[in-house]
Structure formats: structure tokens, C-alpha cells
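Undergrad: Just dropping this structure here.
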Ligand SMILES: NC(=O)c1ccc[n+]([C@@H]2O[C@H](COP(=O)([O-])OP(=O)(O)OC[C@H]3O[C@@H](n4cnc5c(N)ncnc54)[C@H](O)[C@@H]3O)[C@@H](O)[C@H]2O)c1
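In this note's numbering, the protein residues as written are 11 to 327.
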């Protein structure tokens, strides 16, 4: 009998009853807060044999508070919030759920692109205030779209864009050019991508700054940036400035700095609301993705707790 601490918001919230699956394997699910605030988690961590973790930080201090912990399963893809070195030093394997939410996030990225190009949320707000005036947008199929990070989600976006007829550029320093070409995209260097794209969609891991003032200044006037990856990939003050001076026509994101705790972003300024769209990190929140992320993370936890190898181990790059 093991205690599985779960801090991801949507675990077992889809069609599958994963709490029952855990119980059939002899384990008990214990829920904890998604923000991972250590003092609130401390007593829960103390008795946890496994941790299915959301996007909050998993630090060495968290691990020190969890003497029984045998596995950390990141519910999702990104692992930059987990101190992988600390976990390795303590002999605790880390797993994730690669690909489980790729279709969901790729769909959402396309939705944000269309919403930004056609001012959908702004149109909705204006109609509700009695203003039926129109803003002229642009078609996705007429755009050159630059994909930054050509992994599972980036490739899913390219696949969807082929149906729109968009020209697709992609940059990924860890992927051979022929793999990029095989997915219908033109491999380019990142600075070249910023200069040539009308719309840039971010799909690289967080923990690095990719959209800064210099790159924004190099973009075509009136272009759009979509970020469904991580908030820290962009310099928010520089993006707000580019939106104010018209360099950028629109910005749409599923996450901001500080993620679900973000309240003071310069991108939430009221006067930018007609050009900025933000969703509350819901990219992976589909029934299909929630079921798959939950299953893969739970199955890996069950495997480790019975002494087997997990199917999706994460190793530091
Ligand atoms: N909005 C959401 O709910 C949500 C859900 C899942 C994932 N994500 C984010 O999306 C990211 C991508 O997910 P994925 O499943 O495609 O991951 P993935 O690991 O399959 O792909 C990421 C790709 O980014 C590339 N990369 C790394 N650094 C880069 C750089 N500097 N420039 C260009 N490419 C770079 C990697 O080589 C890799 O191919 C995740 O890291 C995560 O931050 C967000």
C-alpha cells in the first residue's frame, strides 16, 4: 500500500476513474495544492511514497520533506520546474507523459492563432457593449508561420497548418533539418525565423529567453506571437512595448510569467486588451489529454512502487 500525492489540478477528472485504478493496485491518492507551496505541502509530502506533480516547483527542499518518496511523475511534458539534479542525487526517478497532451495543445495553438488574427475575443466583448463595428483581420493560410521548438506539439501544429495552406518555418537546434522538412516545414535559424514570419508560435521548453526586444524589433511590422509553451520564454515588458508601438499586432498566450499565479503582467494592462488574449493554462485541458496524462503518470508510479522500470523516465539534457 503506497500513498500517491497528486498536485495536478485535473488528475482523474476525465472519463477514466484513476483513483479507482490506483486503489485496485493497492495505493491511496492524497490531494495537495497545485501551487506546491512548501509549508502547505510539508505534512502531505512527509507520508508520500509517490508524487504526481503539476506545474508547480519541485525543489530539493520539497524532496527533503519527503523521506519516503520513491518516484516523481510530472503530469505533463515540461520538467524545468523539477530540480532533476536533486532528484537524481536522492535516487528518485522522475517521469513525464510525452505526447499525451500534444494534440490538445496543438489544437489550442491553432485556436489562439485564429482568435488573434481575427480579433475574436475583442469582437465578442464589443458586441456585448453594443458595438457591431468590424476589424479587418488576416487569413492563417496567407501567413508565414514560424514554429519555435519542433517537438511533438510543434510538429502537431505544422500538421494542422498544412490544412490551412500556411507557409511553415521551423527552428529547433536539437533536430536534424531533414526531420523538419519531412513534416512540411522549412528548417531555419531562430533569428531568420523572427525576421521572416508573420506569426510565431512557441513550442520550446521553458527556462530560456527566446523572445526579447531585439528579436521583436527584427519581426515584420504587424506580426503576431502565440505562446502556448512557458511564460518565461518571453520578455513580457518588451512584448507589451512592441504591442504599444504597433510592431506587434497581437499576442496570445496560454501562460504568463508566474503561470497560474500571474496577476501583474504588463500584458494584462487594460489598454492592451484589444490586442492580447490570455487563457488560464488550459492547453492540455481536454478529456482525451487529461485521461492520457493521468494514465501514463499513474502507470509509471505503480510500476516504480512495485519495483519495475517506469515507461517514461526523464533524464536531464
Ligand atoms: N499549454 C500547455 O498546457 C502545455 C502543455 C504541454 C506542454 N507545454 C509546453 O510545450 C513545450 C513543448 O512540448 P512538446 O510536447 O512539444 O515537447 P517536446 O520535448 O516534444 O519538444 C520540445 C522541442 O523544443 C526543442 N527546443 C529546445 N530548446 C529550443 C530552442 N532554444 N529553440 C528551438 N527549439 C528548442 C527541443 O529540441 C524539442 O524538439 C513543453 O516544453 C511545455 O513547456 C504546454
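From the three backbone atoms N, C-alpha and C, an ideal C-beta is built for every residue, glycine too. Predicted model, so just to flag it, every value in this text is computed and none were measured.
Which same chain residues end up closer than 8 Å to residue 97 when comparing Cβ atoms and leaving out the 5 residues on each side of it in sequence?
TA: Within the chain shown, the letter at position 87 stands for residue 97. Result list for residue 97: 68, 73, 82, 103, 104, in chain order.
Undergrad: Could you tell me which of 157, 301, 52 sits nearest to residue 4, measuring between CA atoms?
TA: The requested residue 4 is not part of the displayed model; the chain covers only 11 to 327.
Undergrad: When the Cα of residue 142 is compared with those of 132, 149, 150, which residue comes out closest?
TA: On the chain shown, residue 142 is found 132 positions in, with the first residue counted as 1. The shortest Cα separation from residue 142 among 132, 149, 150 belongs to 132.
Undergrad: To test your reading of the DSSP string, which unbroken alpha helix (DSSP H) runs of 4 or more residues are found completely within the segment 35 to 100?
TA: As far as the segment 35 to 100 is concerned, its whole alpha helix (DSSP H) runs of at least 4 residues are 48 to 56, 70 to 74, 94 to 99.
Undergrad: Is it the case that the segment 139 to 156 contacts the segment 196 to 214, given that we only count it when at least three CB pairs across the two stretches are under 8 Å?
TA: Taking 8 Å as the limit for Cβ pairs, the verdict is that the segment 139 to 156 does touch the segment 196 to 214.
Undergrad: Exposed or buried, which one is residue 34 when buried takes at least 16 other CB atoms within 10 Å?
TA: For the purposes of this step, residue 34 is identified with residue 24 of the chain shown, where counting begins at 1. It counts as exposed.
Undergrad: Do residue 176 and residue 205 have their C-beta atoms closer together than 7 Å?
TA: In the chain shown, counting from the first residue as 1, residue 176 sits at position 166. In the chain shown, counting from the first residue as 1, residue 205 sits at position 195. No, the Cβ-Cβ distance between residue 176 and residue 205 is not below 7 Å.
Undergrad: Based on the DSSP secondary-structure assignment, which residues constitute the bridge partners of residue 104?
TA: As a first step, residue 104 must be located in the chain shown, where it is residue number 94. Partner(s): 82.
Undergrad: For residue 307, name the three-state secondary structure that DSSP assigns.
TA: One-based indexing of the chain shown puts residue 307 at position 297. Helix at residue 307.
Undergrad: For residue 244, list the residues DSSP reports as bridge partners.
TA: Sequence index remark: in the chain shown, residue 244 carries index 234 (1-based). 221.
Undergrad: Can you tell me where the alpha helix (DSSP H) with residue 22 in it begins and where it stops?
TA: In the chain shown, residue 22 corresponds to position 12, counting from 1. Where residue 22 is concerned, there is no enclosing alpha helix (DSSP H), given that its DSSP letter is neither H nor E.
Undergrad: Taking the alpha helix (DSSP H) that residue 124 belongs to, which residues open and close that run?
TA: To locate residue 124, count along the chain shown from 1; it is residue 114. Where residue 124 is concerned, the enclosing alpha helix (DSSP H) stretches over 112 to 127.
Undergrad: Which residue's Cα is closest to the Cα of residue 314: 247, 165, 13, 80?
TA: Taking the first residue of the chain shown as position 1, residue 314 is located at position 304. When each option's Cα is compared against that of residue 314, the closest is 80.
Undergrad: Can you tell me whether residue 177 is helix, strand or coil according to DSSP?
TA: As a working note, residue 177 is residue 167 in the chain shown. DSSP places residue 177 in strand when its eight states are reduced to three.
Undergrad: Using 8 Å as the threshold, is the segment 270 to 286 in touch with the segment 243 to 254, meaning 3 or more CB pairs across them?
TA: With the cut-off at 8 Å, the segment 270 to 286 and the segment 243 to 254 touch.
Undergrad: Closer than 6 Å: is that where the CB of residue 239 sits relative to any heavy atom of ligand 1?
TA: In the chain shown, residue 239 corresponds to position 229, counting from 1. Yes - ligand 1 has a heavy atom lying nearer than 6 Å to the Cβ of residue 239.
Undergrad: Return yes when at least one heavy atom of ligand 1 lies under 6 Å from the C-beta of residue 323, else no.
TA: As a first step, residue 323 must be located in the chain shown, where it is residue number 313. Every heavy atom of ligand 1 is 6 Å or more from the Cβ of residue 323, so no.
Undergrad: Give the single residue among 216, 224, 50, 213 whose Cα lies nearest to the Cα of residue 202.
TA: Here residue 202 corresponds to residue number 192 of the chain shown, with the count starting at 1. Nearest option by C-alpha distance: 224.
Undergrad: Within a Cβ cutoff of 8 Å, which residues of the same chain sit near residue 238, ignoring the five residues on either side of it in sequence?
TA: For this step, residue 238 is matched to residue 228 along the chain shown. Only 115, 118, 119, 122, 163, 211, 212, 213, 263, 264, 265, 293 meet the Cβ criterion.
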